[in-house]
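Enquirer: Just so you know, the protein sequences line up as chains C and L, in that order.
For the first sequence, the residue numbers in the working numbering are 26 to 327.
For the second sequence, the residue numbers in the working numbering are 26 to 327.
No residue lacks a Cβ here, since even glycine has one placed at the ideal position from N, Cα and C.
Would you mind keeping the following structure in view while I ask a few things?
Number of protein chains: 2
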Amino acid sequence: MDLRQLRYFQAVAEELSYSRAAQRLRIAQPALSRAVQDVEADLDAPLLERNRRSVSLTPAGKVLLREAAILFERWDEAMRRVRRTAAGEEGEMRIGYIGPPTQPFLGRLLKEYRRRYPLVSIHLEERTPERVWEMLAKGRLSVAFTRPVSTADTSGLRTILLRKERLGVVLPAEHPFAQRSSVAWRQLAREPLIVLARREGVGLHDAVLTGCQQAKFSPRVAYTPSLIGTVLSYVEAGAGLGIVPESVVPPEPTLRFVPLKPVVSVPLVLVWQEAEDTPAVQRLRELVTEWQRTGKLWKAEP
Amino acid sequence: MDLRQLRYFQAVAEELSYSRAAQRLRIAQPALSRAVQDVEADLDAPLLERNRRSVSLTPAGKVLLREAAILFERWDEAMRRVRRTAAGEEGEMRIGYIGPPTQPFLGRLLKEYRRRYPLVSIHLEERTPERVWEMLAKGRLSVAFTRPVSTADTSGLRTILLRKERLGVVLPAEHPFAQRSSVAWRQLAREPLIVLARREGVGLHDAVLTGCQQAKFSPRVAYTPSLIGTVLSYVEAGAGLGIVPESVVPPEPTLRFVPLKPVVSVPLVLVWQEAEDTPAVQRLRELVTEWQRTGKLWKAEP
DNA sequence: TCACCGTTATGCCGAAAGCGCATCACCAAG
DNA sequence: CTTGGTGATGCGCTTTCGGCATAACGGTGA
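In structure tokens form, the structure reads like this:
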């Protein structure tokens, strides 16, 4: 027994007429006659009562008609789902990300993604850059927004650069450097510095150390808090000068951000498993590329 | 896309190997290769990743594999149900019956039926004989145990005789007739009689009147209660003599049943719609026939 | 490095199945 | 009794399906 045969039976059972059903199916009537006979033989069950000039359903026929409707429904649904999955319009995606540097765009990006592909279910995992890379390597994430980490195992992973952020110094508005358009690394040699803890952001922390090293001094690191916001709090409290990427705009008017020279930058990247490059991830990449190309994010609210 | 193709895809997806799948399906490997390609073209979705020496599932392939399992499950279930329905092992049956004369056997009969065909759902409707015939004519019942009713429309209905019950007189144990082996109708001429109400049992009531008429007298009908049990109560109370079929065995030792001569009997029949003669009903008829033939009912409890 | 083995894909042919046309058998209505 | 419409059947054509032989390819071992 076959889908084609079932479809034919269904047509006859619904029309209660072989000739009308044949018209509907755009085939000749004898083919139908055969098909239904074959089905009956296959199930060894009479399905249609063809007595004098009228066709009616036997109990088994009624059951089959009901079941057929259900089966075709499920069948179509299954085909739809496969197509949608292949097109990246349906599926599942686990996104890893690090909070602060992605905060300015991630929300709006995902909002647009959900608008376009509402059937893709998204799981978000906020972690430290190191954890993100680890989960990615283990296949626990489909894709991630993070910073490069030198220790990470990047085999089988592919990345695209989203942005490079210059490092700069955050200082109180009344500080002598506050009005300048840039500050040299050298000038930080004697200052107490405040940098994000290494375990929270290896890339950033190491970039700061590299900057100092290239300027040939060893930094006096006063504090290494776990949150980027806490860096700002320390600065406000006069505990020293903070070093952060430019995306960390101080919200308080009492603080200033001044870029450091020579430019040292920390990249932000999009990473994914080459092996698990699902259509849903591809669509996300397309969206990111579109954003990069046009330079425009989508409005938060339509 | 086709059931065959889906089955082929399923085999490959489960084995993750074309050649093993081909072995399992007992076909040659090239046929499989084609079939899967056709499916992929049909859905325009890649389903299998055949890279270097290994076959793996794409996201769409995973979805299809899951859906396929569900679909085949439902498909098999549907086929099973149709077969079972045709064999009368599954289905629905509305049985009409009249209470008192069927009481000695109906319970055990249905118990055995349920034991043999547990998936047939049975609806029981107890009515007066007239109502039973009416519902049968309207197609509201699949089959019924009842007594013939002269006014009933029997077109399209078929009946088989279950038993013919002789009429007899129920009287107090101390009554002069109580020790006799039969009583002539004539002898009831002067007695006050108690008969079931005509609206409750036309066949029985009319049979009594016919008996009297053939004995050439008009009966003195004292009471016509609605329940057969009430007939016995009246007799016990000394209100007259009851006339009932022999299946009404007086449980009280104070009452006696004595057959009437000449024999007048009321039949009990099994009736069904010729047009709605479902397999479930056929099985019930077979069971009844078996009972009639062997004369044996099945034990109430195994 | 190269031959070899086992993998999937492709070309080709014979067998089988599906379909349409013509026609039959049947029944009801005119 | 004819006529028109129904489903069933016989037959030939076309399509499809499967098998065989073989190609293309990648991994493995000498």
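#1: According to DSSP, is Ala36 of chain L helix, strand or coil?
#2: What residue range does the alpha helix (DSSP H) around Val233 of chain C cover?
#3: Would you mind stating whether Gly226 of chain L and Arg172 of chain L have Cβ atoms separated by less than 9 Å?
#4: Against chain C, which members of the segment 110–130 of chain L pass a CB distance test of less than 7 Å?
#5: So, with DSSP's three-state summary, where would you put Val157 of chain L?
#6: For Leu134 of chain C and Leu312 of chain C, which I take to be in contact (beta-carbon distance under 8 Å), what is that distance rounded to the nearest angstrom?
#7: List the DSSP bridge partners of Gly267 of chain C.
#8: Compare the C-beta of Asp63 of chain L with all C-beta atoms of chain C and state if any pair is closer than 9 Å.
#9: Does the segment 104–112 of chain L come within contact of the segment 79–89 of chain L, defined as at least 3 CB pairs closer than 8 Å?
#10: For Val143 of chain L, decide whether its Cβ has a neighbour in chain C, counting only Cβ atoms nearer than 9 Å.
#11: Using a C-beta cutoff of 9 Å, does Glu326 of chain L count as contacting chain C?
#12: Could you tell me the distance, in whole angstroms, from the CA atom of Pro327 of chain C to the CA atom of Gly121 of chain C?
#13: Determine, using beta-carbon pairs with one atom in the segment 28–44 of chain L and one in the segment 296–309 of chain C, whether at least three such pairs fall under 8 Å.
#14: Could you name each continuous beta strand (DSSP E) segment of 3 residues or more that falls completely within the segment 65–152 of chain C, going from the start of the chain to the end?
#15: Beta-carbon of Ala232 of chain L versus every beta-carbon of chain C: anything under 9 Å?
#16: Here's the rule: buried if 16 or more other CB atoms are within 10 angstroms of the residue's CB, otherwise exposed. What is Glu288 of chain L?
#17: Compile a chain-ordered list of the residues in the segment 93–110 of chain C whose CB is closer than 9 Å to at least one CB of chain L.
#18: Could you have a look at Ile332 of chain C and say whether DSSP puts it in helix, strand or coil?
#19: Give a yes or no on whether the minimum CB-CB distance between Asp27 of chain C and chain L is below 9 Å.
#20: Are Ser44 of chain C and Gln30 of chain C touching if we call contact CB-CB under 9 Å?
#21: Using the beta-carbon of each residue, which ones in chain C are nearer than 9 Å to Leu68 of chain L?
#22: For Ser44 of chain C, does the three-state DSSP call read helix, strand or coil?
#23: Would you kindly check if the distance between the Cβ of Val157 of chain C and the Cβ of Leu192 of chain C is under 9 Å?
#24: Would you mind stating whether Ile147 of chain C and Val194 of chain C have Cβ atoms separated by less than 9 Å?
#25: For Pro327 of chain C, name the three-state secondary structure that DSSP assigns.
#26: Give every residue of the same chain whose Cβ lies closer than 7 Å to the Cβ of Pro292 of chain L, excluding the five residues on either side of it in the sequence, and list them in chain order.
#27: Measuring alpha carbon to alpha carbon, tell me which of L:Val64, L:Arg75, L:Pro71, L:Ala60 ends up nearest Ser42 of chain L.
#28: From which residue to which residue does the beta strand (DSSP E) around Thr171 of chain C run?
#29: Note down, in chain order, every chain C residue with its Cβ under 7 Å from the Cβ of Ala60 of chain L.
#30: Please go through the same chain and pick out, in chain order, the residues whose beta-carbon is closer than 6 Å to the beta-carbon of Glu137 of chain L, but skip the five residues on each side of it.
#31: Under 9 Å between the Cβ atoms of Thr83 of chain L and Thr303 of chain C?
#32: According to DSSP, what are the bridge partners of Gln298 of chain C?
#33: Return yes when at least one heavy atom of the ligand FMN lies under 8 Å from the C-beta of Gln62 of chain C, else no.
#34: Which residue wins for smallest C-alpha separation from Gly265 of chain L, given the options L:Ala214, L:Pro278, L:Arg224?
Expert: Reading it off the structure:
#1: Helix.
#2: That run of the alpha helix (DSSP H) goes 227–239.
#3: Yes, they are a contact pair.
#4: Here the close residues are Thr110, Ala111, Gly116.
#5: DSSP places Val157 of chain L within a helical segment (H, G or I) once states are collapsed to three.
#6: Their Cβ separation, rounded to whole angstroms, is 7 Å, which keeps Leu134 of chain C and Leu312 of chain C in contact under 8 Å.
#7: BP columns for Gly267 of chain C point to C:Val195, C:Ile219.
#8: With 9 Å as the cut-off, Asp63 of chain L does not count as an interface residue toward chain C.
#9: No: the two stretches stay apart, fewer than three of their Cβ pairs being nearer than 8 Å.
#10: The amino acid at residue 143 of chain L is misidentified as Val; the sequence shows Pro. Closer than 9 Å: no.
#11: At Glu326 of chain L the pLDDT is 49, less than 50, meaning the model places this residue with poor confidence and gives no usable figure here.
#12: Note on Pro327 of chain C: pLDDT 44, under 50, position unreliable in the model; the coordinate value appears next. Answer to the nearest angstrom: the Cα atoms are 26 Å apart.
#13: By the Cβ test, the segment 28–44 of chain L is not in contact with the segment 296–309 of chain C, since fewer than three Cβ pairs between them sit closer than 8 Å.
#14: Within the segment 65–152 of chain C, the complete beta strand (DSSP E) runs of at least 3 residues fall at 73–76, 79–82, 115–122, 144–151.
#15: Answer no: the Cβ-Cβ gap between Ala232 of chain L and chain C never drops below 9 Å.
#16: This sequence places Val at residue 288 of chain L; Glu is not what is there. The Cβ neighbour count for Val288 of chain L, taken over all protein chains shown within 10 Å, is under 16; the residue is labelled exposed.
#17: Closer than 9 Å at the C-beta level to chain L, one finds these residues of the segment 93–110 of chain C: Ala93, Ile95, Leu96, Arg99, Trp100, Glu102, Ala103, Met104, Arg106, Val107, Arg108, Arg109, Thr110.
#18: Residue 332 of chain C lies beyond the stretch modelled for chain C, which goes from 26 to 327, so this question has no answer here.
#19: Judged by the 9 Å Cβ criterion, Asp27 of chain C is in contact with chain L.
#20: A distance of 9 Å or more separates the beta carbons of Ser44 of chain C and Gln30 of chain C.
#21: Neighbours of Leu68 of chain L in chain C, taken as residues at a C-beta separation under 9 Å, are given in chain order as Met104, Val107, Arg108, Ala111.
#22: Looking at Ser44 of chain C - three-state DSSP - the assignment turns out to be helix.
#23: The answer is no: Cβ separation not under 9 Å.
#24: No, the pair does not count as a contact, with Cβ atoms beyond the cut-off.
#25: Residue placement at Pro327 of chain C is poorly supported in this model, since its pLDDT is 44, which falls under 50; the coordinates still yield a value, given next. Coil at Pro327 of chain C, not helix or strand.
#26: For Pro292 of chain L, where only same-chain residues beyond five positions count, the Cβ hits under 7 Å are Arg172, Pro173, Leu186, Lys189.
#27: Looking only at L:Val64, L:Arg75, L:Pro71, L:Ala60, the smallest Cα-Cα distance to Ser42 of chain L is reached by L:Arg75.
#28: Here the beta strand (DSSP E) through Thr171 of chain C covers 168–171.
#29: Here the premise fails: no neighbours, minimum Cβ distance about 14 Å.
#30: For Glu137 of chain L, the CB contacts under 6 Å within the same chain, skipping 5 residues up- and downstream, are Trp323 in chain order.
#31: Thr83 of chain L places its beta carbon less than 9 Å from that of Thr303 of chain C.
#32: Gln298 of chain C has C:Leu182 as its beta-bridge partners, per DSSP.
#33: What this structure holds is no ligand at all, so the ligand FMN is not there to describe.
#34: Taking Gly265 of chain L as reference, the option from L:Ala214, L:Pro278, L:Arg224 with the minimal CA-CA separation is L:Ala214.
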